[in-house]
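The structure appears below as structure tokens.
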Amino acid sequence: MQQGKTLLRVDLTTGKLKWQSTEPYREWIGGIGVGTKILYDEVKPWMGPFDPGNKVIISTGVLTGSFCPGAGRIAAVTKSPMTMGIASTNAGGAFAHALRYAGLEHIVLEGHSNKPVYLWIDDGQIEIRDASELVGKDVWETDDLLKNVHGDDINTLAIGQAGENIVRFACMTVDRHRTCGRNGFGAVLGSKNFKAIAVRGTGSVSISEKKLFFDTVDDIYRRLEETPGMRSFIEYGAMACAPGKYKHGGYNYRHSQDLNISQEMADEFAPSNIAEKYRVVQTSCYGCTIGCQNQYKITEGPYAGLVMEGTQFNSALNFGSKMDISDFGFCIKATALCNYYGMDIDVVAEQIAWAMECVEKGLMSSSDFDGLTPVFGDQDIALKLIEMMAFREGAGAKLADGVARAATYFNEDTKYYAMHLKGNDLYEVLRSIIGYGLGAVTSTRGGSHVLGSPLCETGDITDHEFAEKKFGIKTYNQPLEYNGKPELVMHYEIMTRMCSCMGTCVFSSDWQEIHMMDFEDMAKLYTATTGIPISVEKFKNQMLALLALEKIFNYTHAGFTRKDDYPPKRLMIEPVKSGSAKGSVLDIERWDKLLDNYYDVHGWERSTGIPTADTLRKLGLEYAIKDLEKLARAPGHSYL
48 MQQGKTLLRV DLTTGKLKWQ STEPYREWIG GIGVGTKILY DEVKPWMGPF DPGNKVIIST
108 GVLTGSFCPG AGRIAAVTKS PMTMGIASTN AGGAFAHALR YAGLEHIVLE GHSNKPVYLW
168 IDDGQIEIRD ASELVGKDVW ETDDLLKNVH GDDINTLAIG QAGENIVRFA CMTVDRHRTC
228 GRNGFGAVLG SKNFKAIAVR GTGSVSISEK KLFFDTVDDI YRRLEETPGM RSFIEYGAMA
288 CAPGKYKHGG YNYRHSQDLN ISQEMADEFA PSNIAEKYRV VQTSCYGCTI GCQNQYKITE
348 GPYAGLVMEG TQFNSALNFG SKMDISDFGF CIKATALCNY YGMDIDVVAE QIAWAMECVE
408 KGLMSSSDFD GLTPVFGDQD IALKLIEMMA FREGAGAKLA DGVARAATYF NEDTKYYAMH
468 LKGNDLYEVL RSIIGYGLGA VTSTRGGSHV LGSPLCETGD ITDHEFAEKK FGIKTYNQPL
528 EYNGKPELVM HYEIMTRMCS CMGTCVFSSD WQEIHMMDFE DMAKLYTATT GIPISVEKFK
588 NQMLALLALE KIFNYTHAGF TRKDDYPPKR LMIEPVKSGS AKGSVLDIER WDKLLDNYYD
648 VHGWERSTGI PTADTLRKLG LEYAIKDLEK LARAPGHSYL
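To get the working numbering, take the position in the sequence shown, counting from 1, and add 47.
Take a look at the structure:
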């Protein structure tokens, strides 16, 4: 590694490595900020996701490797095979720390290798190595084989068979269990013939202003220990949200036919029950004291003996309520299978549940699934379809393209039941939690609650004076209220991007609990770490500039405008059948007004949803005005 240069370019076509300084990208903070700027500048609209010109930029954040709570995230951006727009992702574990301790902040993977390769990083010594022996191996086998070669003290990022087979929603996975989900990063790496990164880092990171840093971190830890809302989360992890989801209509039941589940299913998914039946030990990402990850073991039934880490609430919704299966053991098994092969569980579950409902409605039959008949509650067929998708076998080859494309291969009427946003399969519940739904629908990566959806709407907030002052609205905890939700979403669009730029977990921020790490904390920690002063307002504006750049990328690459910021048609027609949100439907007139207000608070055009020229100038993005004029000829919905 060259002194002062922490950005590594890996040209897979030529096999050459090139070091660069991150100084030209300083204003973009770090993490996905730097990655998005590189992607925006260098990947052009005429380049497809599987074109050698597409890039995968893997980044650490400003705080990665430090003592800050939750500062163990790796982030990445690319052009998405699912949406044709921008893709972003992040994951925990210890891989990010290892990269930073090896002296790297960003890795830009570009080009295409003519043979399978992986990247070996041993502190400052870096090589592109042959990966022939890793071909055909799942993520866990790949991790084992790399540790056999390089030692148990390394960390890995790898793709499984799904990535090799260019399954559009394939993931890349760090440290066996932490998945960089959504948008198909594994498929892009597979198209480049790139299998893995193995890294050993033994260095350290420097803090410029130690007193400011440790005073701020100590205060964050104090709040972490004293905040009641964090106690259940620390004890149970993401499954702690299950009771709240049940109370407020947060379960997708039988593929969006309802948002309410039986008491029996709710009891099975209760966090205390899951901990008692399955938990072996609590685990955490490197350096994090929250410990929200759990290692589970199934001790009885058909999946007995399986040990799995990292099963979250997504698994209970995806493989439980969505498929009408009241068996968390099956949820663990299905999640493990997706992790073996390297696939996004949110998309996998949508494919299967969609098939189940279409069979139920008489729109599909066993002849569409190689003799299999997907029906709600059938665990064996669900597991078989997961395997068929990973290897693109039979009907699995069609499902491997995501539900938006899969629906074009079957009965025309199946499109109505295909739940996706911008071509990316939908996980989020929308009709019962308006702000959460708005954040997911408008998300630049297509259906994602971790880039702006507020959790406070269904949270157990008691400090209302503090909340009203923080958000500037009174409807922050009213799930079915439309007023004030654009402002609430914008708050968390800024915060979640700060986290992804700084390398911190959203669970340690005010996204998870309103008293946790806030904008002021982020500005202090950036200043303390880098020695470069930054005000809260400047930091917030830079995150809004990042969001604007994502919007422009989507417009010029995928043709996304206002018409793509609407929920699936079904959710604007069918009211919720039962539970606390009974009768709720996303009324088109109210959604139109909601979008108008959402665009207004951002300074975007109401008619297009694109930032105005005046807004771009205020955000320092004058060059983007010319790009909009020159490049706004994207073909539109290429996923249809």
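In this text, a Cβ means the ideal position worked out from N, Cα and C, and glycines have one as well.
Range of the contiguous alpha helix (DSSP H) that encloses F566: Unbroken alpha helix (DSSP H) run through F566: 566-577.
Identify, in the order they occur along the chain, each residue of the same chain with its Cβ nearer than 6 Å to the Cβ of K344, setting aside the five sequence neighbours on each side. Sequence-distant partners of K344 (beyond 5 residues in either direction) whose C-beta falls short of 6 Å from its own C-beta, in its chain, are V327, V354.
Buried or exposed: D391, going by 16 or more other Cβ atoms within 10 Å of its Cβ? D391 is buried by the Cβ-count criterion.
In three-state DSSP terms, what is L593? Reduced to three states, the DSSP call for L593 is helix.
Where G276 and E560 are concerned, what is the direct C-alpha to C-alpha distance, given to the nearest angstrom? For G276 and E560, the distance between alpha carbons rounds to 6 Å.
Which residue's Cα is closest to the Cα of K324: D169, S303, G376? Of the candidates D169, S303, G376, the one whose C-alpha sits nearest the C-alpha of K324 is G376.
Under three-state DSSP, which class holds H159? H159 falls in the coil class under three-state DSSP.
Keeping to the same chain, check which residues put their C-beta closer than 6 Å to that of Q329; ignore five residues upstream and five downstream. Closer than 6 Å at the Cβ level, and outside the excluded window around Q329, lie G338, N341.
Buried or exposed (CB count within 10 angstroms, at least 16 for buried), D634: Residue environment for D634: exposed (fewer than 16 other C-beta atoms within 10 angstroms of its C-beta).
Helix, strand or coil, according to DSSP, for V103 in the structure here? V103: strand per DSSP, three-state reduction.
Where does Q525 fall in DSSP's three states? Reduced to three states, the DSSP call for Q525 is coil.
Own chain, CB closer than 8 Å to I379, minus 5 neighbours either side, in chain order: If we look at I379 and ignore the five residues flanking it on each side, its Cβ neighbours are Y325, Y343, I345, Y350, L353, M355, T358, S362.
When burial is assigned at 16 or more other CB atoms within 10 Å of the CB, is H538 buried or exposed? Buried.
Provide the residue span of the beta strand (DSSP E) that contains I561, from first to last. Segment: none, I561 is in no beta strand (DSSP E) and carries neither H nor E.
Grouping DSSP H, G and I as helix and E and B as strand, with all else coil, what is W167? The three-state secondary structure of W167, taken from DSSP, is strand.
For N307 versus G626, is the C-beta spacing smaller than 8 Å? Yes.
For G82, collect the residues of the same chain with a Cβ closer than 6 Å to its Cβ; drop the 5 residues on either side in sequence, then sort them by chain order. Annotation for G82: I104, S106, V124 place their beta carbon closer than 6 Å to its own, counting only its chain and skipping 5 residues before and after.
Three CB pairs or more closer than 8 Å across the stretch 638-645 and the stretch 515-534: Touching, yes, given that three or more Cβ pairs across the two stretches are closer than 8 Å.
Take K194 as the anchor and find which of M219, V246, T491, S654 has the nearest alpha-carbon. Checking every option, the nearest Cα to that of K194 belongs to V246.
According to DSSP, simplified to helix, strand and coil, what is T53? Shown here, T53 sits in coil according to DSSP, grouped into three states, outside any helix or strand.
Within 10 Å of its beta-carbon, does D472 have 16 or more other beta-carbons around it, so buried, or fewer, so exposed? By the neighbour-count rule (16 or more Cβ atoms within 10 Å), D472 is buried.
Between M569, T603, E315, G667, which lies nearest to T655 when the distance is taken from Cα to Cα? The residue from M569, T603, E315, G667 with its alpha-carbon nearest to that of T655 is T603.
Is the distance from the Cβ of F600 to the Cβ of I76 below 8 Å? Taking 8 Å as the cut-off, the Cβ atoms of F600 and I76 do not count as close.
Span of the beta strand (DSSP E), counted from its first residue to its last, around A134: In this chain, the beta strand (DSSP E) harbouring A134 covers 133-138.
State the start and end residues of the unbroken beta strand (DSSP E) segment that holds R147. Per DSSP, R147 belongs to no beta strand (DSSP E); it is in the alpha helix (DSSP H), 142-148.
In whole angstroms, give me the CA-to-CA distance for Y646 and T543. Straight-line Cα distance between these residues: approximately 19 Å.
Which one or two residues does DSSP pair with E356 in a beta bridge? Q342.
Is DSSP giving K629 helix, strand or coil here? Per DSSP, reduced to three states, the secondary structure at K629 is coil, with no helix or strand assignment.
Please confirm if the stretch 159-166 is in contact with the stretch 229-236, defined as three or more CB-CB distances below 8 Å between the two stretches. Proximity of the stretch 159-166 to the stretch 229-236 falls short of the contact definition, fewer than three beta-carbon pairs being nearer than 8 Å.
With distances taken from CA atoms, which of L430, Y298, N386, R73 is nearest F586? Out of L430, Y298, N386, R73, R73 has the C-alpha closest to the C-alpha of F586.
Return the chain-ordered ranges of every alpha helix (DSSP H) run that is complete within the stretch 292-332 and spans a minimum of 4 residues. Taking only runs of at least 4 residues, the alpha helix (DSSP H) segments lying wholly in the stretch 292-332 are 310-315, 318-325.
Minimum C-alpha distance to K258 - residue among N588, I581, A575, I672: It is A575 whose Cα lies nearest to the Cα of K258.
Is the Cβ of Y325 closer than 8 Å to any Cβ of chain D? The structure shown contains no chain D; it is built from a single protein chain.
In whole angstroms, give me the CA-to-CA distance for G78 and M545. Approximately 9 Å, taken between the alpha carbons.
Buried or exposed: which applies to S556, given that a residue is buried once 16 or more other Cβ atoms fall within 10 Å of its Cβ? The residue in question, S556, is buried, as its Cβ has 16 or more Cβ neighbours within 10 Å.
Is it true that the CB of P128 sits closer than 8 Å to the CB of G231? With a cutoff of 8 Å on beta-carbon distance, G231 and P128 are scored as near each other.
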